[in-house]
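Asker: To start, I am sharing the structure in question, which I have written as structure tokens.
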Ligand SMILES: Nc1ncnc2c1ncn2[C@@H]1O[C@H](COP(=O)(O)OP(=O)(O)OP(=O)(O)O)[C@@H](O)[C@H]1O
Ligand SMILES: Nc1ncnc2c1ncn2[C@@H]1O[C@H](COP(=O)(O)OP(=O)(O)OP(=O)(O)O)[C@@H](O)[C@H]1O
Ligand SMILES: [Mg+2]
Ligand SMILES: [Mg+2]
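Chains as they are written, first to last, in our numbering: chain A, 554 to 1054; chain B, 1136 to 1466; chain C, 1136 to 1466; chain D, 5 to 293.
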């Protein structure tokens, strides 16, 4: 790809961007949120028409103006934002447009057999006939990967495929990538997880502000160099000292929370100024616990105490009025009012603060605070009146964070707060969380990235199959966490588990 | 960990599927039971046949609109398109004296052609389905009047035409259950549509479009072509409805049809199809159409004053859908 | 790097915003120009006033339904609710002999109450708005007939009642432009609603609900209460429409109203409001309503045969929306 | 219950004309000690809805049926079914092309509209331009009244031109808007005929809103139309005898049940009325509020 330009109304997403991929190589594409990575790949895969520049395949210029043409040219892509048909089954999703037929009639059994074969080759345990809607984001992501694999393309683009995956699944994905690589498939790999880049890629291309910065070999180049290419400066990543919060008053206490198989007798507490990390495998029930506390889902039993007072929470508004904020793991579905602008999304949870007794809004006040947060969190947006859905994924996430910061809650639950966020912003968010804790806020961080849990948490709660299998100190080892996260037998025997917890 | 969960879940889905289908009838059954208890005349064979006969046209229209709604669209033109197709049949058979099968084919093709146009306006010009089909509704209404010269066209020169809806092939074989052909045609259309929805690529894309059109596009599918196909199929089914109503009245009534679209859409939604697309069943739509007919018939049998019939119908439509929502929530 | 981009972009948005608004009129202006050229009778003051007068009721209903559509809902009951409110005014003023302001208030409150009920059914019982308001449409239609005893209620005992819509306060001040009060009321309602939508918390939540209701709920907002509030406000506006039509006809006609909902919704969509919610403007709706009135009036002035009027109207509705889509795409 | 049960299926329900028919039927039911039900579709185009109503009425096994056919051919199979079941049928408002109805209580709409044309011609002095605001483009009554008026003008009054025929669906507001357009497009118009109550009131409203002095002839009655005639906005109107139609239909049904012979046609008549004769007992009796 050479000299690619692409502009959106008010935004120049790509300017003279370039990229080169060899057969059988894994080529990482890196850059901050909004650098233009996804846009470049969408140009390559026929989603967007480029404004200028050329695309060469095997040295010959090609015109790719539709996803179909890209497929025919042997290019397939896993999009950053999940693009699945929620009402169809996994198998139906994977083979959409290429359904096996017999005498013009869909051959559903063949479809499911083919899908099962792909799942098997991925070591993925999933029924082909399961409705996508009922799957967690992680499993949906696996379905997307399966779909991309099913095309057997020469070029496979993966736009943040691991953002929703846990370590075991990531390892599985890397095994698949290595296999494809051996078969001569060229792979474009976009991710914000530095360690992955080192583990999997051969070369790294870095973009900044829609422009090409440079390409370096992955093995020889130190991570710091790549990061400074991305952000144009060096980041200091010194470890954070864990403060002692054991003397602080308890801010949030959960006792005996239960719901069906998803949440089984979960009890824990968070103190003011403390960051409690929640670790566990995909589907361990962390999100369920958070949503139950927040009142987003119903709970069967259990007490919630805020600042030593028992509170009845039946809806999110009860939780918010008690000073609890929840940043959900699926920003598109649950976090953003996508049609609204950045300013209103930031103000969404605090609108009454900007409302005078007559019900009239203080637009200037909203603008001011929106701008404050845009600056503070370095949200990349042309203005605070840009529609939120037009921001890049990572910047959308920052907007949702800003919403809860503005709301000024005492207790904050962050579910996968750095999903899809670049290193620079990630360390900003870590700093932010540390500051919030230092201000005395009680914070729960749910994350599937162990380094993140270890980096942030003062204490670490580990869940497995709906149970809290233990709470570890913040300096616990990865092995200890994994042991608790996979402690299924404990889940079977309630008394055994209690001892550990 | 999915190993253990998966099979259980699968049979779970199957079970609830069957259970679900059974329960979907519950609203209908409740109505039937209430009316049977309230009036001895309700459960007569003749009345049951009258109810089925009354369902035929609305049922066919509702099935047609189900397809469009599953794609996430809506079709306001079904009522006037039905009339337009009936008028076309009248022109072919009465004005031009063509043989009956050609008249029927003409009506169905006219429906398909109109669907093709609506579909093209929606898919290519990106006009929202509500507006595209509202426009078509008016255009077709006007054209029906123009073509027919604002007069009904009678089918007196086509003997046997009124047997399409009113005759009973079943009754010739089993005299005890003289189910009118119109009703059998409704069932045939339902079966065929259910087959297309469940077993063919067109059906698959119908659901896929309503579920996430952008995702389908990104998968390299020619979204526009399939969408137009769905509208055309839907139009063809409306054409069948046009033949049915023409046969039932032995005439093409050019002013008929407006308002029928709302009743058809109501049947679809009562039948559990979501207006936001992606899900829906033909069986549900059939049940929805039956609920509406049973309600209208039962209230008449009970001699409820007409203004109160309206009030009761409105209330029961809301309650039926609410009951359906409660049932789903429990499952 | 955002710093430099921001100011340019912002003025860009402002410019396109104003430009956009200007262009939105283009469809309307095109129609006006065509009709003016085609008939010398079109551009008379009297005819302009007639068009405005004809827009008043549909315009008010369309504004009411705009609110609901922005939340992602739909309201099919506006037509029969308007009638119901007119009947309530009739009962208050003619049957009970209460003073005029109380009759007006009664109609508006009746509208708000009905909206409250629809809103509650939608928000609390989770019945889809299409069905909830379809049910309400039937219920209100029946109730209007019941309450009025299926006959019109005249306002002959309330002198001045027909001046609400027909009189002209403006004309008393500036005799050259005797804009009827009904039209002024439409503009007032439009201004007020635009203010509420743009400047108040209720308005902001109206958009937010249509944009992503779940996200609003998870932001700790009492979604149900605001949604019910929007429906109630919408109902109250319909109540104003009820007063207008009652005043215009100097009577409450209990059988009127069905079918008006489609015309109102058409005005909203022609005005650029998306049926999927989250966006829309009162100004757009006003223009949409005007386009419909101008079209109807112009075709009548040209004495186009009625059946062709329908065809042309359908075509132009589609074209107007298509032109709007093209315009947006260019920006 | 052993009370005689008579089902009336009419062409409409909400409109005042049909309510007047219903009132007549209810009156007869009270006088004769029978019970009647009265039903009709939303609009006069919904032929199939009327069939459903007729079918449901048959299932109820009534003793007799009164039926105002929207389309007489379409109803034949069901009427045959009723006939086979031995249920006597009385047609009302417009006839059925068949021997099945024992009697038909009806108005001659063509003649009634021709009378309107005669009156109109007289009021505008035998020459000029007139327009028609019809209530329905396709229904029997709609067609008969418009054609009755227009044909009479053509045949008897060559100097009168019908410049515009438009249809407002019997909706007052729509008819008002139509009238205003017609008046604005034809400033030299002399008269407008409104073909039913809603149309006539709409025409008069439009005339008033524009302050025009066009001659308005209406059709049917109702409180509003009567007062418009009283205060001169409307010159006059044709009335049928809807109350009489309802009353005589029920009366004929009861007579049939008692085995009495019935005349094939019961002409319920029509009249022209204006401010001068409205209070005549003969006229006042056929007007409704
Ligand atoms: N459809 C669109 N309309 C307007 N602007 C867009 C659109 N898509 C992307 N942009 C803008 O283009 C720029 C590049 O976005 P892109 O999604 O390519 O970033 P990215 O590098 O993938 O970031 P991330 O790591 O957050 O996914 C951003 O500023 C974004 O706001
Ligand atoms: N939408 C859904 N429909 C059905 N089951 C679900 C759904 N979402 C979650 N589950 C199930 O609920 C359980 C808990 O899932 P949850 O998302 O809370 O886990 P988690 O620990 O937050 O994992 P993740 O890291 O994937 O977010 C799992 O068994 C999961 O399969
Ligand atoms: Mg991206
Ligand atoms: Mg989770």
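C-beta: ideal position from N, C-alpha, C; glycine also. All values reported here derive from a predicted model rather than from experimental measurement.
(1) Alpha carbons only, please: which of D:66, D:81, D:37 and D:33 is nearest the one belonging to residue 55 of chain D?
(2) To the nearest whole angstrom, what separates the beta carbons of residue 620 of chain A and residue 598 of chain A, a pair I think is in contact under 8 Å?
(3) Which runs of the beta strand (DSSP E), 3 residues or longer, sit entirely within the region 32-116 of chain D?
(4) Can you tell which of D:99, D:219, D:130 and D:182 has its C-alpha closest to the C-alpha of residue 1444 of chain C?
(5) Assuming residue 1170 of chain C is part of the alpha helix (DSSP H), what are its boundary residues?
(6) Does the count of Cβ pairs from the region 1356-1371 of chain B and the region 1307-1316 of chain B closer than 8 Å reach three?
(7) Under the assumption that residue 78 of chain D contacts residue 1344 of chain B (Cβ atoms under 8 Å), give the Cβ distance between them as a whole number of angstroms.
(8) Give a yes or no on whether 8 Å exceeds the smallest Cβ distance from residue 1347 of chain C to chain A.
(9) Let me know the alpha helix (DSSP H) ranges lying completely inside the region 709-745 of chain A, each 4 residues or longer, listed in chain order.
(10) From the DSSP output, in three-state form, read off residue 684 of chain A for me.
(11) Could one say the Cβ of residue 81 of chain D lies closer than 8 Å to chain B's Cβ atoms, at least one of them?
(12) Between the region 948-976 of chain A and chain C, which residues of the former have a C-beta closer than 8 Å to a C-beta of the latter?
(13) Are there any heavy atoms of ligand 3 lying less than 7 Å away from the beta-carbon of residue 1393 of chain C, as far as the coordinates show?
(14) Considering only DSSP beta bridges, list what residue 1467 of chain B is partnered with.
(15) So, helix, strand or coil for residue 653 of chain A, using DSSP?
(16) Rounded to a whole number of angstroms, what is the C-alpha to C-alpha distance between residue 19 of chain D and residue 1390 of chain C?
(17) If we ignore side chains and look at the alpha-carbon of each, how far apart do residue 264 of chain D and residue 1396 of chain B end up?
(18) Mind checking whether the beta-carbon of residue 1055 of chain A lies closer than 7 Å to any heavy atom of ligand 3?
(19) Do the region 628-646 of chain A and the region 678-686 of chain A make contact, defined as three or more Cβ pairs closer than 8 Å?
(20) Could you please give the first and the last residue of the uninterrupted beta strand (DSSP E) stretch that includes residue 773 of chain A?
(21) Rounded to the nearest angstrom, what separates residue 1239 of chain C and residue 1213 of chain C at their Cα positions?
(22) At which residues does the beta strand (DSSP E) containing residue 1262 of chain B begin and terminate?
(23) Using CA coordinates, which residue listed in A:689, A:636, A:949 and A:876 is at the minimum distance from residue 888 of chain A?
(24) Looking at chain C, is there any beta carbon in it that lies within less than 8 Å of the beta carbon of residue 851 of chain A?
(25) Excluding five sequence neighbours on each side, which residues of the same chain lie with their C-beta closer than 7 Å to the C-beta of residue 246 of chain D?
(26) Between residue 635 of chain A and chain C, is there a C-beta pair that is closer than 8 Å?
(27) Taking 7 Å as the cut-off, is the beta-carbon of residue 948 of chain A closer than that to any non-hydrogen atom of ligand 1?
(28) How would you list, in chain order, the residues of chain B whose beta-carbon sits under 7 Å from the beta-carbon of residue 1271 of chain C?
(29) Using a Cβ cut-off of 8 Å, which residues of the region 1361-1382 of chain C contact any Cβ in chain B, in chain order?
(30) Measuring only the C-alpha atoms, how far is residue 87 of chain D from residue 119 of chain D?
(31) Taking the straight line between their C-alpha atoms, what separation do you get for residue 1131 of chain A and residue 586 of chain A?
(32) Around the Cβ of residue 1264 of chain C, are there at least 16 other Cβ atoms within 10 angstroms (buried) or fewer (exposed)?
(33) In the DSSP assignment, the alpha helix (DSSP H) including residue 1232 of chain C goes from what residue to what residue?
(34) I think residue 1409 of chain C touches residue 1200 of chain C, with their Cβ atoms under 8 Å apart; what is that distance to the nearest whole Å?
(35) Using a Cβ-Cβ cut-off of less than 7 Å, give me the residues of the region 1178-1207 of chain C that come near chain A, in sequence order.
(36) Counting pairs of Cβ atoms below 8 Å between the region 793-812 of chain A and the region 758-767 of chain A, do you hit three or more?
Answerer: Judging by the given coordinates:
(1) Within the fourth chain, residue 55 of chain D is the residue found at index 51, counting from 1. Answer by Cα proximity: D:81.
(2) As a working note, residue 620 of chain A is residue 67 in the first chain. As a working note, residue 598 of chain A is residue 45 in the first chain. About 6 Å separates the two Cβ atoms, so the contact holds.
(3) DSSP assignment within the region 32-116 of chain D yields the following whole beta strand (DSSP E) runs of 3 residues or more, N-terminal first: 39-43, 68-71, 93-97 and 107-110.
(4) Numbered from 1 along the third chain, position 309 holds the residue referred to as residue 1444 of chain C. With distances taken between Cα atoms, residue 1444 of chain C lies closest to D:182.
(5) Here residue 1170 of chain C refers to the residue found at position 35 of the third chain. For residue 1170 of chain C, the enclosing alpha helix (DSSP H) covers residues 1161-1173.
(6) Below 8 Å, too few C-beta pairs join the region 1356-1371 of chain B and the region 1307-1316 of chain B to call them touching: fewer than three.
(7) Mapped onto the fourth chain, residue 78 of chain D falls at position 74. Mapped onto the second chain, residue 1344 of chain B falls at position 209. Going by Cβ atoms, the distance from residue 78 of chain D to residue 1344 of chain B rounds to 39 Å, so no, they are not a contact pair.
(8) The count along the third chain starts at 1 and reaches residue 1347 of chain C at position 212. Yes, because at least one Cβ of chain A sits closer than 8 Å to the Cβ of residue 1347 of chain C.
(9) If we require 4 residues or more, the alpha helix (DSSP H) runs fully inside the region 709-745 of chain A come out as 720-735.
(10) Mapped onto the first chain, residue 684 of chain A falls at position 131. Correct three-state label for residue 684 of chain A: strand.
(11) The residue you call residue 81 of chain D lines up with position 77 of the fourth chain. So, interface residue.
(12) Among the residues of the region 948-976 of chain A, those with a Cβ less than 8 Å away from any Cβ of chain C are 956 and 960, in the order of the chain.
(13) On the third chain, position 258 is the one that residue 1393 of chain C refers to. Taking 7 Å as the cut-off, one finds no heavy atom of ligand 3 near enough to the beta carbon of residue 1393 of chain C.
(14) Chain B is shown from 1136 up to 1466; residue 1467 of chain B falls before or after that span and cannot be answered.
(15) Numbered from 1 along the first chain, position 100 holds the residue referred to as residue 653 of chain A. Coil, per DSSP.
(16) Within the fourth chain, residue 19 of chain D is the residue found at index 15, counting from 1. Within the third chain, residue 1390 of chain C is the residue found at index 255, counting from 1. Those two C-alpha atoms are separated by around 7 Å.
(17) If you number the fourth chain from 1, residue 264 of chain D lands on position 260. If you number the second chain from 1, residue 1396 of chain B lands on position 261. Looking at the two C-alpha atoms, the distance is approximately 46 Å.
(18) In the structure displayed, chain A extends from 554 to 1054; residue 1055 of chain A sits before or after that span and is not available.
(19) A contact exists between the region 628-646 of chain A and the region 678-686 of chain A.
(20) Taking the first residue of the first chain as position 1, residue 773 of chain A is located at position 220. For residue 773 of chain A, there is no enclosing beta strand (DSSP E), as DSSP gives it neither H nor E.
(21) Here residue 1239 of chain C refers to the residue found at position 104 when the third chain is read from its first residue. Here residue 1213 of chain C refers to the residue found at position 78 when the third chain is read from its first residue. Approximately 17 Å between the Cα atoms of the pair.
(22) Within the second chain, the letter at position 127 stands for residue 1262 of chain B. Looking at the DSSP string, residue 1262 of chain B is not in any beta strand (DSSP E), and its letter there is neither H nor E.
(23) Translated into positions along the first chain, residue 888 of chain A becomes position 335. Of the residues A:689, A:636, A:949 and A:876, the one whose Cα lies closest to the Cα of residue 888 of chain A is A:949.
(24) Along the first chain, read from residue 1 onward, the residue named residue 851 of chain A stands at position 298. By the rule that beta-carbons nearer than 8 Å mark a contact, residue 851 of chain A does not touch chain C.
(25) For the purposes of this step, residue 246 of chain D is taken as the residue at position 242 of the fourth chain. Here the set comprises 21, 24, 25, 28 and 292.
(26) Taking the first chain and counting its residues from 1, one reaches residue 635 of chain A at position 82. Residue-level contact by beta carbon fails for residue 635 of chain A and chain C, as no gap is shorter than 8 Å.
(27) Mapped onto the first chain, residue 948 of chain A falls at position 395. Result yes, Cβ under 7 Å from ligand 1.
(28) Here residue 1271 of chain C corresponds to residue number 136 of the third chain, with the count starting at 1. Going along chain B in sequence order, the residues near residue 1271 of chain C (Cβ under 7 Å) are 1449.
(29) The region 1361-1382 of chain C vs chain B, Cβ under 8 Å: nothing.
(30) Reading the fourth chain from its first residue, position 83 is the one you call residue 87 of chain D. Reading the fourth chain from its first residue, position 115 is the one you call residue 119 of chain D. Rounded to whole angstroms, residue 87 of chain D to residue 119 of chain D spans 37 Å at the Cα level.
(31) Any property of residue 1131 of chain A remains undetermined from this structure, which presents chain A solely from 554 to 1054.
(32) In the third chain, the residue the question calls residue 1264 of chain C occupies position 129. Burial call: buried.
(33) Within the third chain, numbered from 1, the residue matching residue 1232 of chain C stands at position 97. Segment: none, residue 1232 of chain C is in no alpha helix (DSSP H) and carries neither H nor E.
(34) The count along the third chain starts at 1 and reaches residue 1409 of chain C at position 274. The count along the third chain starts at 1 and reaches residue 1200 of chain C at position 65. Distance from residue 1409 of chain C to residue 1200 of chain C at the Cβ level is roughly 13 Å; contact not present, criterion being Cβ atoms closer than 8 Å.
(35) Listed by position, the residues of the region 1178-1207 of chain C near chain A (Cβ gap below 7 Å) amount to none.
(36) These segments do not touch.
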